[in-house]
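Visitor:
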Amino acid sequence: MQRHRNCSPVCISQPCLHASFQVFALLHSGVISDLPQNAGATEAYELNLCAFWPQLSQASAKLPENTLASFEAAIADGVEGIESDVHMSRDGVVIMFHDYTLTRTTNFTGNIKDSNYYGVGGMQHARTKKEPQQPIPTLPEALALLMNPENMHVHFNIDVKPSNDTETLFTAMHTAISAFPEWETALAPRILLGLWHPKDLGPAKSILPYCKRCSISFSLWITRTYMWDDVECISLWQNALVSREGQKLLREAKATGKKVLAYTVNEPAHMIEMVRYGVDGIITDYPNRYLALRSGLEKNYETTILQSSRRYLWLNISFSWLFVTFVQRFSEFALQKLVEPFPAVVT
Numbered sequence: 012m013q014r015h016r017n018c019s020p021v022c023i024s025q026p027c028l029h030a031s032f033q034v035f036a037l038l039h040s041g042v043i044s045d046l047p048q049n050a051g052a053t054e055a056y057e058l059n060l061c062a063f064w065p066q067l068s069q070a071s072a073k074l075p076e077n078t079l080a081s082f083e084a085a086i087a088d089g090v091e092g093i094e095s096d097v098h099m100s101r102d103g104v105v106i107m108f109h110d111y112t113l114t115r116t117t118n119f120t121g122n123i124k125d126s127n128y129y130g131v132g133g134m135q136h137a138r139t140k141k142e143p144q145q146p147i148p149t150l151p152e153a154l155a156l157l158m159n160p161e162n163m164h165v166h167f168n169i170d171v172k173p174s175n176d177t178e179t180l181f182t183a184m185h186t187a188i189s190a191f192p193e194w195e196t197a198l199a200p201r202i203l204l205g206l207w208h209p210k211d212l213g214p215a216k217s218i219l220p221y222c223k224r225c226s227i228s229f230s231l232w233i234t235r236t237y238m239w240d241d242v243e244c245i246s247l248w249q250n251a252l253v254s255r256e257g258q259k260l261l262r263e264a265k266a267t268g269k270k271v272l273a274y275t276v277n278e279p280a281h282m283i284e285m286v287r288y289g290v291d292g293i294i295t296d297y298p299n300r301y302l303a304l305r306s307g308l309e310k311n312y313e314t315t316i317l318q319s320s321r322r323y324l325w326l327n328i329s330f331s332w333l334f335v336t337f338v339q340r341f342s343e344f345a346l347q348k349l350v351e352p353f354p355a356v357v358t
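This note's numbering applies: residue 12 is where the sequence shown begins, and numbers increase by one.
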């Protein structure tokens with residue numbers, strides 16, 4: 012979710028309100044970093060960086076978001092993955108773009124779903140407001156970048172906005188993916204579908220069965236009730252993850268082999284707390300902060316861990332039970348109100 016690129020993990024600032032999914036304006040706004048699952052002072056482990064918002068890596072931070080130029084710069088920085096949101100145009104083209112409308116980041120206006128990509132006045136002619144001006148990339152163009160020989164190690168997380176007609180979207184995505192030689196072994200295993208709404212699970216399993224699925228949510232209830240059985244990975248709001256129920260869900264995920272990501276983790280103390288909890292990865296706006304932290308962990312794990320205070324868990328109101336509960340309930344309401352109600356729970 013904008014996402015205002017520099018907003019705090021729980022900030023819903025005015026720039027975040029450009030889209031109807033106000034509460035979802037925080038997700039995947041940075042870089043994801045793999046963390047040791049059970050690190051100790053003497054345990055050897057490898058920490059990798061994987062860009063989920065590649066424009067926030069050091070070189071690509073100067074480039075417009077969700078463009079091929081930012082993806083290329085992120086890969087050149089050494090990240091191991093890129094993330095982008097997908098939308099479908101009126102003429103059936105899958106494009107890489109965050110917002111539902113073109114106004115905020117391009118010199119065009121209008122809703123993406125009501126706009127053609129090709130032709131006179133099509134979005135192929137749109138350019139980013141931010142310099143250097145860049146076109147809006149299509150999914151085939153992004154996949155072609157991943158299929159370059161030097162980029163075969165790069166993974167691709169696709170954030171599927173729940174307002175999409177996912178059957179149509181996933182069919183178009185399959186066409187794009189399967190157009191590449193050896194796609195089943197060289198491309199498909201590197202794609203992760205990020206899903207918000209349970210309505211998207213069925214189409215994902217039937218149309219894109221070769222893509223791993225990840226539940227993205229503010230809500231522990233949505234994750235547990237609707238997404239749990241059909242995903243290999245869960246991406247959770249860190250404020251919910253540190254709650255008692257969040258820690259219970261984390262333990263259960265590990266027991267069943269699911270990967271757990273935490274977002275959006277920007278403060279060093281918060282990063283260290285996620286290390287303590289044993290999450291598999293963090294999503295952050297500030298990879299340089301984590302690089303410094305990682306260096307300390309590699310040199311002296313125990314000393315680095317002990318340098319961090321946990322007081323923020325009690326002093327920061329955004330981690331309070333009341334605030335976390337409110338955000339979770341609001342996200343559950345908004346997702347059903349703006350997309351469609353969840354199916355009835357059979358007990």
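Think of the CB as a built atom: it goes at the ideal place given N, C-alpha and C, for glycine as much as any other residue. Predicted, not measured: the structure shown is a model, and the values here were computed from it.
Could you please give me the residues that DSSP links to Phe167 through a beta bridge?
Guide: In DSSP, Phe167 forms a bridge with Ile93, Ile202.
Visitor: Under the assumption that Glu180 contacts Val105 (Cβ atoms under 8 Å), give the Cβ distance between them as a whole number of angstroms.
Guide: Note that residue 180 is Leu in the sequence shown, not Glu. 7 Å between Cβ atoms; contact.
Visitor: Just verifying my parser: in three-state terms, what is the DSSP assignment at Gln347?
Guide: helix
Visitor: Which residue wins for smallest C-alpha separation from Gly307, given the options Ile283, Asn327, Gln135?
Guide: Ile283
Visitor: For the putative contact between Ser174 and Val350, defined by C-beta atoms under 8 Å, what is the C-beta separation to the nearest angstrom?
Guide: 6 Å
Visitor: Quick one: what's Asn122 bridged to in DSSP?
Guide: Beta bridge pairing from DSSP links Asn122 with Thr112.
Visitor: Given 8 Å as the limit, is there contact between the region 321–338 and the region 208–226, that is, 3 or more CB pairs closer than that?
Guide: no
Visitor: Ile169 and Leu198 - do their beta-carbons sit closer together than 8 Å?
Guide: no
Visitor: Quick check on Ile86: buried or exposed, where buried means 16 or more other Cβ atoms within 10 Å of its Cβ?
Guide: Buried is the label assigned to Ile86, since at least 16 other Cβ atoms lie within 10 Å of its Cβ.
Visitor: Taking Lys73 as the reference, which of Thr116, His109, Glu142 has the closest Cα?
Guide: Glu142
Visitor: Checking the sheet assignment: what are the DSSP bridge partners for Tyr274?
Guide: Trp248
Visitor: Which residues share a DSSP beta bridge with Pro226?
Guide: The sequence shown places Ser at residue 226, not Pro. Answer is Leu206, Ile245, bridged to Ser226.
Visitor: In terms of residues, what are the limits of the beta strand (DSSP E) holding Gly292?
Guide: 292–295
Visitor: Could you name the residues of the same chain whose beta carbon sits closer than 7 Å to that of Thr182, not counting the 5 residues immediately before and after it, in chain order?
Guide: Ile218
Visitor: Let me check understanding here. Comparing Cα to Cα, which of Asp240, Val356, Ile233, Thr267 lies closest to Lys341?
Guide: Correcting the residue identity first, residue 341 is Phe in this sequence and not Lys. Ranked by Cα distance from Phe341, the options Asp240, Val356, Ile233, Thr267 are led by Ile233.
Visitor: Would you identify the three-state DSSP class for Val104, choosing helix, strand or coil?
Guide: coil
Visitor: Given this structure, state the Cα-to-Cα distance separating Val271 from Phe353, to the nearest angstrom.
Guide: 23 Å
Visitor: When the Cα atoms are used, what is the spatial distance from Glu263 to Phe344?
Guide: Between Glu263 and Phe344, the C-alpha separation is close to 25 Å.
Visitor: Going by CA-CA distance only, name the one from Ile294, Lys269, Arg201 that's closest to Gln249.
Guide: Ile294
Visitor: Measuring CA to CA, which of Ile93, Tyr274, Thr114 is closest to Leu156?
Guide: Ile93
Visitor: Taking Cβ positions, are Ile227 and Ser246 nearer each other than 8 Å?
Guide: yes
Visitor: Pick helix, strand or coil for Met238, following the three-state DSSP scheme.
Guide: helix
Visitor: By a C-beta neighbour count over all protein chains shown, 10 Å radius and 16 as the cutoff for buried, is His281 buried or exposed?
Guide: buried
Visitor: For Thr117, does the three-state DSSP call read helix, strand or coil?
Guide: strand
Visitor: DSSP three-state call for Met184: helix, strand or coil?
Guide: helix
Visitor: Let me know the secondary structure DSSP gives Met285 once reduced to three states.
Guide: helix
Visitor: In terms of DSSP beta bridges, what is Met158 paired with?
Guide: Met158 is not bridged to any residue.
Visitor: Can you name the start and end residues of the alpha helix (DSSP H) that Trp82 belongs to?
Guide: Looking at the sequence itself, residue 82 is Phe, so the reference to Trp does not match. Annotation: the continuous alpha helix (DSSP H) that includes Phe82 extends over 79–88.
Visitor: What's the call for His164, buried or exposed, on a 16-neighbour Cβ count within 10 Å?
Guide: By the neighbour-count criterion, in which 16 or more other beta carbons inside 10 Å mark a residue as buried, His164 falls on the exposed side.
Visitor: Whole angstroms are fine: how far does the CA of Gln339 sit from the CA of Glu177?
Guide: At residue 177 the sequence reads Thr, which differs from the Glu that was named. One C-alpha to the other measures close to 24 Å.
Visitor: Where does Thr139 sit, in a helix, a strand or coil, going by DSSP?
Guide: strand
Visitor: Can you give me the C-alpha to C-alpha distance between Val171 and Met134, rounded to a whole angstrom?
Guide: 20 Å
Visitor: Applying the criterion that 16 or more other CB atoms from any shown protein chain within 10 Å of the CB defines a buried residue, is Asn17 buried or exposed?
Guide: Per-residue confidence for Asn17 stands at a pLDDT of 31, beneath the threshold of 50, marking its modelled position as unreliable; the derived number appears in the next sentence. Asn17 is exposed by the Cβ-count criterion.
Visitor: Kindly indicate which residue of Asn327, Phe82, Tyr128 has the alpha-carbon position closest to the one of Asn159.
Guide: Looking from the CA of Asn159, the closest CA among Asn327, Phe82, Tyr128 belongs to Phe82.
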